[in-house]
Amino acid sequence: MAQIGSTTSPFSTFWAHSPTNQNEGVIMGCKKRRGTTLVEVLFAVFLVAVGAVVVAATMPVASASRAKSDLYNKATGLAQKQLEAIRGAGYGNITATQLYALGLIDSTEPIEDDTYSFSNTDLASLDSPTLVLPSGKGYVSVEQLDLDLRKVVVKVEWDWRGEKRTVTVGTTVANL
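Position one of the sequence shown corresponds to residue 938 (the numbering used here), numbered consecutively onward.
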C-alpha cells in the first residue's frame, strides 16, 4: 500500500510535483506551449481585417439610406403641416383667393386644374419645400366633391439622385 504523499502515487507520472523538477509543466510527455503561434496571429489578423472590410462596406449604404429616409420624413411633415393648416382654415376658406390671403398657397393662378403651388410659402419658419428639400415643390389640389364637401390633396415632390420622389396626403372637408 502506498503512503500519502509518496512519489509512487498513480498521478506522479502525469504531473510534476516539485518546483525544482526540470520537467515542470510536462503533461503526459508533452511540454506546455506558451504564447501564440504565427498561424494563430495570422488568423486573428485575417478575422479583424474581414470585420473592418464589412463595416467599411456598409457605411455608405447606411448613410445613403438614412439620408433618403430623412428626406421622406421632412416631405411627409411638410405635407401634413400644410394639410392641417388648410383643414384648420375651414370649409368656407378653401378657395384659391382665401388660401392665398392666408398665405397657404403662392398664387391664385392654378398650375393645373384646381392645383396651386405652395413651394415658397412659410419662408420665415423655414418650412418651405424649396428650402427643406432638394428641388422641392409643393402642390395643393382642391376638388368640390359634393355641395358641402371638398377634397384637399397636398403633394410634395423632390429629387433624390436624379429620381423624382413624391409624398401625397389628402382629406375631405365638410361644410358643417
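Note that CB positions come from ideal geometry on N, CA and C, so glycine has one too. These numbers come from a predicted model, not from an experiment.
Taking DSSP as the reference, what is the three-state secondary structure of residue i?
i	result
residue 1099	coil
residue 971	coil
residue 1147	Nothing about residue 1147 can be read from this structure; the chain reaches only from 938 to 1113.
residue 977	helix
residue 1105	strand
residue 1052	strand
residue 1066	helix
residue 1029	helix
residue 1044	coil
Under a Cβ-count criterion, where at least 16 other Cβ atoms within 10 Å of its own Cβ denotes burial, should residue i be classed as buried or exposed?
i	result
residue 1012	buried
residue 1075	buried
residue 1005	exposed
residue 1087	buried
residue 998	exposed
residue 1099	exposed
residue 1055	buried
residue 982	exposed
residue 1029	exposed
residue 925	Lying outside 938 to 1113, the shown extent of the chain, residue 925 is not represented and no answer is given.
residue 1110	buried
Provide the residue(s) that pair with residue i in DSSP beta bridges, ordered along the chain.
i	result
residue 1111	1086
residue 1073	Answer by DSSP bridge pairing: none, since residue 1073 is not bridged.
residue 992	In the DSSP output, where bridge partners are listed per residue, residue 992 has none listed.
residue 982	None; residue 982 has no bridge partner.
residue 1080	1088
residue 1093	1075, 1104
Tell me which residues share the same chain as residue i and place their Cβ nearer than 8 Å to its Cβ, disregarding the 5 neighbours each side in the sequence.
i	result
residue 1026	1035, 1036, 1039, 1041
residue 1097	1005, 1008, 1071
residue 1047	1033, 1053
Answer yes or no: the CB of residue i versus the heavy atoms of the ligand ZN, is any distance below 7 Å?
i	result
residue 1108	Only the bare structure without any ligand can be found here, which leaves the ligand ZN out of the picture.
Excluding the five sequence neighbours on either side, which residues of its own chain have a C-beta within less than 7 Å of the C-beta of residue i, listed in chain order?
i	result
residue 1058	1040, 1041, 1042, 1043, 1065
residue 1018	1064
residue 1051	1078, 1079, 1080
Closer than 6 Å by C-beta to residue i: which residues in its own chain qualify, once you throw out the five before and the five after it? Chain order, please.
i	result
residue 1022	1041
residue 949	With a pLDDT of only 49 at residue 949, under 50, the local geometry of the prediction cannot be trusted, and the value read off the model is given with reservation. Closer than 6 Å at the Cβ level, and outside the excluded window around residue 949, lies no residue.
residue 1093	1012, 1015, 1016, 1066, 1075, 1104
residue 1091	1016, 1019, 1020, 1077, 1106
State the CB to CB distance for the pair residue i and residue j, rounded to an integer number of angstroms; the pair is presumed to be in contact (CB under 8 Å).
i	j	result
residue 1106	residue 1031	So it is not a contact: roughly 15 Å between Cβ atoms.
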